[in-house]
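Working notes, structure below.
2 protein chains.
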Amino acid sequence: MANYSSMDKKSMLEELDNVKKIYNEYKSQGLKLDMSRGKPCAQQLDLSMPMLDVLNSNSDLKDQKGLDVRNYGELEGISEAKKIFAKMMQVDVSNVIVGGNSSLNMMFDTISFLMMKGIAGCEPWIKQEGIKFLCPAPGYDRHFAITQYFGIEMINIPMTENGPDMDMVEDYVNNDEKVKGIWCVPKYSNPQGITYSDETVTRFAKLKPAAKDFRIMWDNAYCIHDITDTPETLLSIMDECKKYGNEDLPIIFSSTSKITFSGAGIAAMAASSGNLLTLKKKYGIQTIGYDKINMLRHTRFFGNYEGVLAHMAKHKAILKPRFDAVLEKLDSELNGLDIASWRKPNGGYFVSVDVLEGCAKRVIELCKEAGVVMTSAGATYPYGKDPKDSNIRVAPTYPSVDELAKAMDIFCICVKYAALEKLSK
Amino acid sequence: MANYSSMDKKSMLEELDNVKKIYNEYKSQGLKLDMSRGKPCAQQLDLSMPMLDVLNSNSDLKDQKGLDVRNYGELEGISEAKKIFAKMMQVDVSNVIVGGNSSLNMMFDTISFLMMKGIAGCEPWIKQEGIKFLCPAPGYDRHFAITQYFGIEMINIPMTENGPDMDMVEDYVNNDEKVKGIWCVPKYSNPQGITYSDETVTRFAKLKPAAKDFRIMWDNAYCIHDITDTPETLLSIMDECKKYGNEDLPIIFSSTSKITFSGAGIAAMAASSGNLLTLKKKYGIQTIGYDKINMLRHTRFFGNYEGVLAHMAKHKAILKPRFDAVLEKLDSELNGLDIASWRKPNGGYFVSVDVLEGCAKRVIELCKEAGVVMTSAGATYPYGKDPKDSNIRVAPTYPSVDELAKAMDIFCICVKYAALEKLSK
Chain D
1 MANYSSMDKK
11 SMLEELDNVK
21 KIYNEYKSQG
31 LKLDMSRGKP
41 CAQQLDLSMP
51 MLDVLNSNSD
61 LKDQKGLDVR
71 NYGELEGISE
81 AKKIFAKMMQ
91 VDVSNVIVGG
101 NSSLNMMFDT
111 ISFLMMKGIA
121 GCEPWIKQEG
131 IKFLCPAPGY
141 DRHFAITQYF
151 GIEMINIPMT
161 ENGPDMDMVE
171 DYVNNDEKVK
181 GIWCVPKYSN
191 PQGITYSDET
201 VTRFAKLKPA
211 AKDFRIMWDN
221 AYCIHDITDT
231 PETLLSIMDE
241 CKKYGNEDLP
251 IIFSSTSKIT
261 FSGAGIAAMA
271 ASSGNLLTLK
281 KKYGIQTIGY
291 DKINMLRHTR
301 FFGNYEGVLA
311 HMAKHKAILK
321 PRFDAVLEKL
331 DSELNGLDIA
341 SWRKPNGGYF
351 VSVDVLEGCA
361 KRVIELCKEA
371 GVVMTSAGAT
381 YPYGKDPKDS
391 NIRVAPTYPS
401 VDELAKAMDI
411 FCICVKYAAL
421 EKLSK
Chain R
1001 MANYSSMDKK
1011 SMLEELDNVK
1021 KIYNEYKSQG
1031 LKLDMSRGKP
1041 CAQQLDLSMP
1051 MLDVLNSNSD
1061 LKDQKGLDVR
1071 NYGELEGISE
1081 AKKIFAKMMQ
1091 VDVSNVIVGG
1101 NSSLNMMFDT
1111 ISFLMMKGIA
1121 GCEPWIKQEG
1131 IKFLCPAPGY
1141 DRHFAITQYF
1151 GIEMINIPMT
1161 ENGPDMDMVE
1171 DYVNNDEKVK
1181 GIWCVPKYSN
1191 PQGITYSDET
1201 VTRFAKLKPA
1211 AKDFRIMWDN
1221 AYCIHDITDT
1231 PETLLSIMDE
1241 CKKYGNEDLP
1251 IIFSSTSKIT
1261 FSGAGIAAMA
1271 ASSGNLLTLK
1281 KKYGIQTIGY
1291 DKINMLRHTR
1301 FFGNYEGVLA
1311 HMAKHKAILK
1321 PRFDAVLEKL
1331 DSELNGLDIA
1341 SWRKPNGGYF
1351 VSVDVLEGCA
1361 KRVIELCKEA
1371 GVVMTSAGAT
1381 YPYGKDPKDS
1391 NIRVAPTYPS
1401 VDELAKAMDI
1411 FCICVKYAAL
1421 EKLSK
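In structure tokens form, the structure reads like this:
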């Protein structure tokens, strides 16, 4: 097919007519397809059903230390769960706290704590006027929602193939004491699937923040979530930070939400002993302890970290065809038209597509009218505002391969439709 | 035995010598006994072991609405769990949110929200100077810890046989707009086991708070936790409040922590539709949803509210002999000495003992030296300061009947020891 931008106006309008016809055919089918959220599909959830057999009425409900996990106590979580998360988060076991079913909740709680109480001897954030967070974008809408909820100003940081633009990050962090934090999804980032390069991680570790209470929110949600046979690797932020005396900078999060059950997994966080000491004082007020039976269920199911990795290989087998379906359609339908670009991720939960500037909202509106629900345009940017109105997050995990193929046909037609509308104006 | 206070000094000193001898004998036995926390015993936890068989790898993991509980979503919790909690909290199903494993965490989150965001169109509490909470005392140490954590001034409200001193509550709430809340454990209160009378509940419902953002924190932790055959009843605070147009006042909490597993139960809160609308905005930022598999496990185990009540009868059979052991020792060892008073509760988790003024710390110190751990003196009062140094919370649920008898022998000797030290000075 011809590159759209080099077409003359007449050909464009003809092509738009063709595209509209196809679009209207799809629309008339009254489809209902959803590529909006990073939800595991039923097949993935089925992988963990045997975990429900691990504990039964005859089980010994004691952890490795001999603690009855049914009762109160053990604020930090059981040690066997800490061990597995330590490997996932690339830290020492002593740095880990295992929590409830949601790492997002632990992030919310952490920001809430920093707002209310502060850290490193500094004033609580709420008492410091005009504080800011750096937000590599496109990024995760729920991170941005937390920041906005607490009234923290958000600054867009462009993403590169190696992670956030580190020149810009260094410039802000090292010079502006109002900059208190940055959101990072360092491996298979949401939505682009970018893994931060070794240089990027090292530059994070070498930061010299103007604010003593600056923290890196390191959401390693997809740490072992490969989808191809060319997995990527990430340096340990904690190890790197230690080299430069910066171990108080990172606060690391992870969970099994996309390993076992997204609604009923276990979450964890990791931080330096100094940060943990402060945070545990808060946790000790907030709760008596998290659900240790579910922790034990998980650890007995997996045995150890290697067991988790073996389980992830099964997810990969389910997800690869889904990502392939999306990428094949993008290739066959949009390649060479010069109206969209996308990355082929090696892991994570999304495919990120950039359409022509000013077209993302229109594409998503057209999709919706044809029965295909996509993540809202702008959702991948702070305040829901994509400055170029260009980024669209495609979530291939939940629908079946057949549904994805159908939904992607419609999506690609909508991308063409919006591009031709714009170009022919 | 003679009333200690009417003894002459010589008899007192002789009696003190006797008591010291017995005390030292106990001490030399090197015992290790714990009556400090309201933890269920293993026998109680065993009652819920069959709950671990309810869901297995062959189970249908859909809730009544057809939702796959393994996946994300359903922020308010599954409807079958809401139904059971609605009965426990004496509210309509539509007023309920089911949360994670800890109602304490939901209370912390609620106060945190009110501090950060405020309610009823008022300024966030953190922006209002000098705000206060009423704390009926003796009360629950973890309530007071939350209040103190957020820097809210606490005011002691004496407890009567009918609940908090309502003259004082009305005087504060209706006249001082800095008074923003009150902590209540309305049924089988911690530690005294007092159930608020109908008049008390009605007077709460009729409050005319000076502050529009005044809220009643109604922690109904022991709503169905009877231990005798003469259970007490509590009016529905929500129903009463509705009668006086005050349905926005109460925020109600409960959990299954002392019904199923204390570390792995499910918690819930209830509030007016107006309050819920505000709170759900926060919950929607904080998490994608709580552990619905554990909710389903609970509801399939119990079937319905009546199933929960049948289960509570089994707890009662385990707890009654334990409470009896404590009360029998108090009766046989301390009755008539005029050095201690206590209530005989019909439910809840504690026996509250008032020793002579200025003696509680000393009793607990003596107990500790003899190997019996009690809740710290003062713990039942705001800031850990019992103004009379008199109240001691005895937790009879965790130890065996034999251990309790032994521990109570030692406790009673320590009460005598401290009383005689004081009286003979």
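First to last, the protein sequences are chains D and R. Mapped onto the working numbering, the consecutive letters of the first sequence carry residue numbers 1 to 425. Mapped onto the working numbering, the consecutive letters of the second sequence carry residue numbers 1001 to 1425. All residues carry an ideal CB built from backbone N, CA and C; glycine is no exception. Model, not experiment: these values are computed from the prediction.
Exercise. Is it true that the CB of SER1102 of chain R sits closer than 8 Å to the CB of THR202 of chain D?
Worked result: no
For this session: Answer with yes or no whether the minimum CB distance from TYR50 of chain D to chain R is below 8 Å.
Result: Per the sequence presented here, residue 50 of chain D reads as Pro, with Tyr not at that position. At least one chain R Cβ lies under 8 Å of PRO50 of chain D.
Problem set entry | ASN294 of chain D, DSSP secondary structure in three states | The answer is helix: DSSP assigns ASN294 of chain D an H, G or I state.
Problem set entry | Beta carbon of GLN1192 of chain R nearer than 8 Å to that of ARG1343 of chain R | yes
Exercise. From the beta carbon of ALA313 of chain D, is the nearest beta carbon of chain R less than 8 Å away?
Worked result: no
For this session: Using a cut-off of 9 Å between C-beta atoms, extract the partners of ASP1068 of chain R located in chain D.
Result: ALA42, LEU45 and GLY263
Exercise. Which of the residues in the stretch 277–309 of chain D, read from start to end, lie with their CB under 7 Å from any CB of chain R?
Worked result: Among the residues of the stretch 277–309 of chain D, those with a Cβ less than 7 Å away from any Cβ of chain R are ILE285, GLN286, THR287, ILE288, GLY289, TYR290, ASP291, LYS292, ILE293 and ASN294, in the order of the chain.
For this session: Give the range of the beta strand (DSSP E) segment to which ASN346 of chain D is assigned.
Result: Per DSSP, ASN346 of chain D lies in no beta strand (DSSP E) and is assigned neither H nor E.
Exercise. From SER1352 of chain R to VAL1096 of chain R, what distance separates their C-alpha atoms?
Worked result: 32 Å
For this session: Can you give me the Cβ contacts of ILE1413 of chain R inside the same chain, cut-off strictly under 7 Å, excluding the 5 residues immediately before and after it?
Result: VAL1019, ILE1022, TYR1023 and TYR1026
For this session: Indicate whether at least one CB of chain R lies closer than 8 Å to the CB of MET115 of chain D.
Result: yes
Exercise. Which of helix, strand or coil does DSSP assign to GLY384 of chain D?
Worked result: Correct three-state label for GLY384 of chain D: helix.
Exercise. Any idea what DSSP makes of ILE251 of chain D, helix, strand or coil?
Worked result: strand
Exercise. Quick one: does ASP1141 of chain R have its CB under 8 Å from some CB of chain D?
Worked result: no
For this session: Please determine, among R:MET1106, R:GLY1118 and R:GLU1123, the residue with the shortest C-alpha to C-alpha distance to ILE1146 of chain R.
Result: R:MET1106
Exercise. At least one CB of chain R closer than 8 Å to the CB of SER221 of chain D: is that the case?
Worked result: Checking the sequence, you will find Ala at residue 221 of chain D rather than Ser. ALA221 of chain D does not count as touching chain R.
Exercise. Counting contacts by CB-CB distance shorter than 8 Å, is ASN1101 of chain R in contact with chain D?
Worked result: With respect to chain D, the C-beta atom of ASN1101 of chain R has a partner C-beta closer than 8 Å.
Problem set entry | Assigned secondary structure, ALA1270 of chain R (DSSP; H/G/I helix, E/B strand, else coil) | strand
Exercise. Three-state secondary structure (DSSP) at ARG1300 of chain R?
Worked result: helix
For this session: Please check the pair MET435 of chain D and THR260 of chain D, which I expect to be a contact at CB under 8 Å, by giving their CB distance rounded to whole angstroms.
Result: Residue 435 of chain D lies beyond the range of chain D shown here (1 to 425); nothing can be said about it.
Exercise. According to the neighbour-count rule (16 or more other Cβ atoms, all chains shown, within 10 Å of its Cβ), is LEU330 of chain D buried or exposed?
Worked result: Around the beta-carbon of LEU330 of chain D, 16 or more other beta-carbon atoms lie within 10 Å, marking it buried.
Problem set entry | Backbone secondary structure at ASP60 of chain D - three-state DSSP | Three-state DSSP puts ASP60 of chain D in coil, outside helix and strand.
Exercise. So what's ARG393 of chain D in DSSP terms, helix, strand or just coil?
Worked result: strand
Exercise. Are the C-beta atoms of ASP213 of chain D and some chain R residue less than 8 Å apart?
Worked result: no
Exercise. Taking any Cβ of chain R, which residues in the stretch 236–257 of chain D have a Cβ under 9 Å from it, in chain order?
Worked result: SER257
Exercise. So, does the CB of PHE1108 of chain R fall closer than 8 Å to a CB anywhere in chain D?
Worked result: PHE1108 of chain R counts as touching chain D.
For this session: Please work out which residues of its chain come closer than 7 Å, Cβ to Cβ, to ILE1111 of chain R, disregarding the five sequence neighbours upstream and downstream, and give them in chain order.
Result: Sequence-distant partners of ILE1111 of chain R (beyond 5 residues in either direction) whose C-beta falls short of 7 Å from its own C-beta, in its chain, are ILE1146 and PHE1150.
Exercise. For ASN275 of chain D and chain R, any beta-carbon pair shorter than 8 Å?
Worked result: no
Exercise. If LEU337 of chain D sits next to ASN56 of chain D, beta carbons under 8 Å apart, how far is it from one beta carbon to the other, in whole angstroms?
Worked result: Contact flag wrong, Cβ pair sits at about 57 Å.
Exercise. Using a Cβ-Cβ distance under 8 Å, would SER79 of chain D count as near chain R?
Worked result: no
Exercise. Thinking just about the alpha-carbon of each residue, which of R:ALA1395, R:SER1262 and R:ILE1364 is nearest to the one in GLN1044 of chain R?
Worked result: R:SER1262
For this session: From the DSSP output, in three-state form, read off ILE364 of chain D for me.
Result: helix
Exercise. Assuming PRO138 of chain D and CYS184 of chain D make a contact with CB atoms under 8 Å, what is their CB distance in whole Å?
Worked result: Going by Cβ atoms, the distance from PRO138 of chain D to CYS184 of chain D rounds to 13 Å, so no, they are not a contact pair.
Exercise. Looking at PHE214 of chain D and VAL179 of chain D, is the spacing between their C-beta atoms short of 8 Å?
Worked result: yes
Problem set entry | DSSP three-state assignment for ASN1246 of chain R, whether helix, strand or coil | coil
Exercise. Just the Cα atoms here: how many angstroms apart are MET1049 of chain R and LEU67 of chain D?
Worked result: 16 Å
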